[in-house]
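Everything in the sequence shown is counted per the UniProt record's numbering, starting at 1 for the first residue and increasing by one.
Here a beta-carbon is modelled for each residue, glycine too, at the ideal position from N, C-alpha and C.
None of the values given here were measured: they were computed from a predicted structure.
Okay, so here's the structure we're looking at.
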Amino acid sequence: MSAVIETVSIEDVYPLVDEFGNDLARRDYTLKENQAYVQELARSMRSKGIPDEMVTLVRDGGIYRIKAGNSRIMAMKELGTKTFPAIVEDESTLQAVIETVVRTNTKKKYEAVEESRFVRQLAMFGTDEYVAEVSGLTVEKAAKVRRAAKVVEDAADDMSLMRLIAIGEFADDPEAVKALTNCSEREYQTVAKRFEARRKKESAATDLAAELAARGIAVVDDAQGMAMVCNLNKIAQLPEDLPDGCVAMRHSIPGFFMILAPAPEEEPPAPEQVEEDSARAEAEAMAELYAEGTGNRRAWLAEQLAAQSLLPNLSRLVAESDNRHAPLVKTFLEATGTKRLNVGHSEIVLLFENMNDAPGCGILDGTGKPRPKACERYIALMDAMEADGYEPDEDEQAIYQKATDCMEATK
């Protein structure tokens, strides 16, 4: 490939396009960030009217196509530059141009959507290994980008590279693909975390079913006439001295199994006993999930307090609490006429532990009946934490919905 330095007319210079007339390897200059970049370049070039680093062009008959330097061309047009020196190549493939763009994404990083587009264009010319070598991605991530582009089609044009990688991770899950495609760019990470947690839970349930089967406990869809022995979501929770003939049945709460044993023929479980067993199993499962969620919430709150994050909604709950101040503090406030005190970290922690149900019983009692006060506190706490930036997982969302349903039922 030969190249020479020529002085060219800016009116003869055009963007590189594909066979359909679509721009290739070019920034989106409708974006404010790129417009600002062009303005910055123009200011830096004002004294000479041309850039210090020459533009690279490709000869295309009587005109020139831009291989590298779209923003510099735009800046020169802003300045009214008529001619400029450029490196002119006699020929260059689309593949070579896109390679240049991706490899040299350093001076002014491309916007997330632009970077995604260039990497997808690279994929048209080679394998995942080739895309990985040029872009710096791992082969696995390059493959995920390819899979994602296939399932979301034109929607990929508005997605960042990282979002496409997330979609590629779930390319075989239509529900996840739909959710990740329809959410906003700033929401996709939260959505991806939710589906990743679900996938882990489903995988754990599959492994648990296999472990139960290995111990002679078949997983069945119906266990009529059998009595519940226990409820579990980990093999370590399985009792040692189970009677013969036990089976497992998936619980309505994902990831949990009820272990049931044959009831004596002369004493089959009454329908009400079956209902009680089911309610008790739900209560045990909900308590287990509630405890796991408590750990997540505590960890998040500890991080926020350590980072000195503003927590306006949790602070508001503290300020509105009727029993916020100890008697001696109230005496001081009344004596001095002080209207309010700033909310302290210890007060937020105390409020959290009280509203989060420190004993760990959750929103249901041992028989599966709702605890109205606990439901009310959980709803208020989760609303405040979400407003302050907490992202509840699917289990916490399910408990929240259960608490909401219980409160609606008591009205």
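For the beta strand (DSSP E) containing A261, list its first residue and its last residue.
Where A261 is concerned, the enclosing beta strand (DSSP E) starts and stops at F257 to P262.
Give a yes or no on whether the C-beta atoms belonging to F257 and L232 are separated by under 8 angstroms.
Yes, Cβ-Cβ distance for F257 and L232 is below 8 angstroms.
Length at least 4, wholly inside the UniProt domain "ParB-like N-terminal" (35-96): the alpha helix (DSSP H) runs in chain order
Complete alpha helix (DSSP H) runs here, min 4: 70-79.
Could one say the Cβ of E292 lies closer than 8 angstroms to chain C's Cβ atoms, at least one of them?
This model lacks chain C altogether, as it is built from one protein chain only.
Where do the ends of the alpha helix (DSSP H) carrying C230 lie?
Element bounds for C230: not the alpha helix (DSSP H) but the beta strand (DSSP E), M226 to L232.
Output the boundary residues of the beta strand (DSSP E) element that contains S9.
Segment A3 to S9, the beta strand (DSSP E) holding S9.
Let me know the secondary structure DSSP gives N105 once reduced to three states.
In this predicted model, N105 has a pLDDT of only 48, less than 50, meaning its place in the structure is not dependable; the value taken from the coordinates is given anyway. Coil at N105, not helix or strand.
Is it right to say K411 is buried, meaning 16 or more other beta carbons lie within 10 angstroms of its own, or is it exposed?
Burial state of K411 is exposed, judged by a 10 Å Cβ sphere holding fewer than 16 other Cβ atoms.
Straight-line gap, R146 to R120 (C-alpha atoms, nearest Å)
Their Cα atoms are separated by approximately 7 angstroms.
In this structure, does DSSP put M385 in helix, strand or coil?
DSSP places M385 in helix when its eight states are reduced to three.
Would you identify the three-state DSSP class for M286, choosing helix, strand or coil?
Three-state DSSP puts M286 in a helix.
Quick one: what's got a C-beta closer than 6 angstroms to A374's C-beta in the same chain, skipping five residues either side?
Close CB contacts of A374 within its chain, under the 6 angstroms cut and outside five residues either way in sequence, are with D357 and I363 (chain order).
Best match in K150, T81, D52 and A287 for proximity to S9 [C-alpha to C-alpha]
Restricting attention to K150, T81, D52 and A287, the CA atom closest to the CA of S9 is found in T81.
The region 152-163 contacting the region 171-181, beta-carbon criterion three pairs below 8 angstroms
Look at the beta carbons and you see the region 152-163 touching the region 171-181: at least three pairs across the two are nearer than 8 angstroms.
Beta-carbon spacing of M226, A279 below 8 angstroms
Cβ atoms of M226 and A279: not closer than 8 angstroms.
Please state whether DSSP places A223 in a helix, a strand or coil.
Of the three classes helix, strand and coil, the one that applies to A223 here is coil, per DSSP.
Determine the closest residue to R324 out of T367, P15, V343 and A143, with distance taken between C-alpha atoms.
Comparing C-alpha distances from R324 to each of T367, P15, V343 and A143 shows the shortest one belongs to V343.
Given that a residue counts as buried once 16 or more other Cβ atoms are within 10 Å of its Cβ, and exposed if not, what is E140?
Taking all protein chains in view, the Cβ of E140 is surrounded by fewer than 16 other Cβ atoms within 10 Å, so the residue is classified as exposed.
Between which two residues does the beta strand (DSSP E) harbouring A247 extend?
What sits at residue 247 in the sequence shown is Val, not Ala. Start and end: V247 to R250.
Given this structure, state the Cα-to-Cα distance separating A218 from R198, to the nearest angstrom.
Cα to Cα, A218 sits roughly 24 angstroms from R198.
Could you name the residues that DSSP lists as bridge partners for A218?
Beta-bridge analysis with DSSP links A218 to V247.
Under the three-state reduction of DSSP, which class applies to P254: helix, strand or coil?
In this structure, P254 counts as coil in the three-state DSSP scheme.
Among G126, T294 and D154, whose alpha-carbon lies nearest the alpha-carbon of A143?
Minimum Cα distance to A143 is reached at G126.
According to the neighbour-count rule (16 or more other Cβ atoms, all chains shown, within 10 Å of its Cβ), is E169 buried or exposed?
Buried, by the Cβ-count rule.
Alpha helix (DSSP H) runs contained entirely in the region 154-194, provided each spans 4 or more residues
Given a length threshold of 4 residues, each whole run of the alpha helix (DSSP H) inside the region 154-194 is given here in chain order: 161-169 and 174-182.
Pair within 8 angstroms by beta-carbon distance, A3 and E133
Not a contact, by the Cβ cut-off of 8 angstroms.
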